[in-house]
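Peer 1: Residue numbers (the working numbering): 140 to 205. C-beta atoms are modelled at their ideal positions from N, C-alpha and C, and glycine is treated no differently. Please find one structure pasted underneath; my questions will follow.
Here you go:
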């Protein structure tokens, strides 16, 4: 699998791929954050709805303490 994530600007959703597979069901673990499962109930990805709400946090550099 080459692609590890996909952002859909129209729906403002971010999908992070963990493994290949077709979504069979999902569980909402927090408002707007879903874990998706395949037919074997194995986790295949994470979906973040309204992903732009996190964009400021993602774009800020991370300070590493030595």
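1. Report all residues from its chain with a CB closer than 8 angstroms to the CB of residue 168; omit the five preceding and five following residues, and keep chain order.
2. Give me, in chain order, the residues of the same chain whose beta-carbon lies closer than 8 angstroms to that of residue 185; leave out the 5 immediate sequence neighbours on both sides.
3. Report yes if the C-beta distance between residue 151 and residue 189 is below 8 angstroms; otherwise report no.
4. Is residue 168 close to the ligand ZN? I mean its beta-carbon at under 7 angstroms from any heavy atom of the ligand.
5. Determine the extent of the beta strand (DSSP E) in which residue 193 is found, giving its start and end residues.
6. If you run the structure through DSSP and keep just helix, strand and coil, what is residue 184?
Peer 2: By the coordinates alone:
1. Spatial neighbours of residue 168 in its own chain (CB-CB distance under 8 angstroms, excluding positions within 5 residues in sequence) are listed in chain order as 174.
2. These residues qualify, in order along the chain: 154, 155, 157, 172, 173, 174 and 175.
3. Yes, the pair counts as a contact, with Cβ atoms nearer than the cut-off.
4. In the structure on display, the ligand ZN does not appear, and there are no ligands present to speak of.
5. Residue 193 -> no beta strand (DSSP E), and no H or E assigned at all.
6. Residue state for residue 184 is assigned as strand, using DSSP reduced to three classes.
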